[in-house]
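Everything below concerns the one structure shown next.
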Amino acid sequence: MRSLHIAHIRARLLSELRAFFRAHDHLEVDTPHLAPYLIPEAHIRPFTTTHHPLHDTPRALSLLPSPELWMKHLLAQGYGDIFQISHVFRDAEPPSPRHSPEFTMLEWYTTGSTADDQISLTEELFATLAHSLDAPHLSPPFHRLTMEEAFTRYAGFSLEAHHSREALASHATRLGLEVSPRESAEDLFHRIFLTFVEPHLPIDRPLVLTHYPTLVPTLARPIPDTPWRERWELYAGGMELANCYTEETDPVRVERFMEGELTRRGTSTPPPPPDFPATCARIPHPTSGVALGVDRLLMYLTGEKDIRGVIFFPLSDTIEEIVD
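Read left to right, the sequence shown gives residues 1 to 324 (this note's numbering).
Structural data, given as structure tokens:
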């Protein structure tokens, strides 16, 4: 943490976030940070540990990379609209001023709501924060851009018409990228997006980037008869701040997603949650969820350029102290 001033802003931000969701009838929940299983996501490496109960067999556990697992169990049990502010943990994150292996996430779920509905709620949240924290740069309306519009504008081609592996490889080569035969359509999409699209997104005010392609496997519902999903991400100041889905509740598609992620990850450790497809099937449809990085929001709010400036005792600093 850079200063006492930022510490005070952080405390006010957390208070305002809680007040907003309570005022919108979302129940605050507090779920465990540890679990014996995880929703498989090939691109996320968890921190793992071992529990040694007295006079019993040791058991492998993982620190959760998001509160999604337990919150979806609560949704399936009929808890309705819920939110949580929690610490989450991700190993093997790229070294960056925007990344920390432990960070704070705000996650909320709204039943009877789609991803499109959540844009309006998130704009209302930012309008409230802009007023209460005297931060006019948070003020909506957000820019809105579809992924198709973004690729056409910044990468020079229609993603809807060219989303096969062969077409993406051809455009990547045209744009000057070297393409490996081992790269999938998803790999190529991400490389083109991160190199030619994301750096050019507008930064004068927050931007919602909607309609992510189905070639990227997620638990966001597909839009029928299109290559898109009901998913958006929120950018502010060039940083990704939030990710939103209309949640997948079809157990067959959830099972297919989990099998695919386990195959791509190449290991069944940690194991997937038992009966998770059945759990998702009991979630009211539609339900939408948003995960928002609180530390990055605080960076955007204060103008701080390094995440270490907005969190207490960042791990990289404490490790350096031990080494020194």
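By construction, the Cβ of each residue, glycine as well, lies at the ideal position given by its N, Cα and C atoms.
Please read these numbers as outputs of a predicted model, since none were measured by experiment.
* Asked: Using the C-alpha atoms, what's the distance from Ala60 back to Leu54?
  -> Numbered from its first residue, the sequence shown carries residue 54 at position 54. Numbered from its first residue, the sequence shown carries residue 60 at position 60. The alpha-carbon atoms of Leu54 and Ala60 are separated by roughly 15 Å.
Out of Pro97, Leu34, Gly80 and Asp25, which one is the CA nearest neighbour of Met239? Along the sequence shown, read from residue 1 onward, the residue named residue 239 stands at position 239. The candidate whose alpha carbon is nearest that of Met239 is Pro97.
(request) Leaving out five residues on either side along the sequence, give the residues of the same chain with a beta carbon under 8 Å from the beta carbon of His163. (result) Within the sequence shown, residue 163 is the residue found at index 163, counting from 1. The answer, listed in chain order, is Ala185, Phe189, Pro213, Leu215 and Pro227.
Mind pulling the alpha helix (DSSP H) runs of 4 or more residues that sit fully within the segment 48-134?
68-76 and 115-132
Asp91 and Phe47 look like a contact to me (Cβ under 8 Å); what is the Cβ gap, rounded to whole Å? As a position in the sequence shown, residue 91 is number 91, starting the count at 1. As a position in the sequence shown, residue 47 is number 47, starting the count at 1. The Cβ separation is near 5 Å, so the contact holds.
Selected residue, minimal CA-CA separation from Glu248, among Thr267, His171 and Thr218: As a first step, residue 248 must be located in the sequence shown, where it is residue number 248. Answer by Cα proximity: Thr218.
Considering only residues of the same chain and omitting the five flanking positions on each side of Pro40, which have a CB-CB separation below 7 Å? Within the sequence shown, the letter at position 40 stands for residue 40. Here the set comprises Met258, Glu261, Leu262, Arg265 and Pro272.
Next item on the list: Tell me whether Arg282 sits in a helix, a strand or coil according to DSSP, three-state version.
Entry: The sequence position of residue 282 within the sequence shown is 282, counting from 1. In this structure, Arg282 counts as coil in the three-state DSSP scheme.
Is the segment 101-108 touching the segment 288-307 in the sense that three or more CB pairs, one from each, lie closer than 8 Å? yes
- Please go through the same chain and pick out, in chain order, the residues whose beta-carbon is closer than 8 Å to the beta-carbon of Lys305, but skip the five residues on each side of it. Taking the first residue of the sequence shown as 1, we reach residue 305 at position 305. Same-chain partners within the cutoff: Pro97 and Met299.
Item to complete: Starting from Ser288, follow its DSSP beta bridges and name the residues at the other end.
Response: If you number the sequence shown from 1, residue 288 lands on position 288. In DSSP, Ser288 forms a bridge with Thr110 and Thr246.
Practice task
Compute the Euclidean distance between the alpha carbons of Ile82 and Ser170, then round it to the nearest angstrom.
Solution key: Taking the first residue of the sequence shown as position 1, residue 82 is located at position 82. Taking the first residue of the sequence shown as position 1, residue 170 is located at position 170. Taking the straight line from one Cα to the other gives about 44 Å.
* Taking the DSSP output, what are the residues bridged to His143? -> Position 143 of the sequence shown, counted from the first residue, corresponds to residue 143. Note: His143 sits in a beta bridge opposite Leu207.
Between Met71, Ser66 and Thr57, which has its C-alpha nearest Val29's C-alpha? To locate residue 29, count along the sequence shown from 1; it is residue 29. The shortest Cα separation from Val29 among Met71, Ser66 and Thr57 belongs to Met71.
Original post:
Which term fits Pro141, buried or exposed, when burial requires 16 or more other beta carbons within 10 angstroms of its beta carbon?
Top reply: Taking the sequence shown and counting its residues from 1, one reaches residue 141 at position 141. Under this definition Pro141 is an exposed residue.
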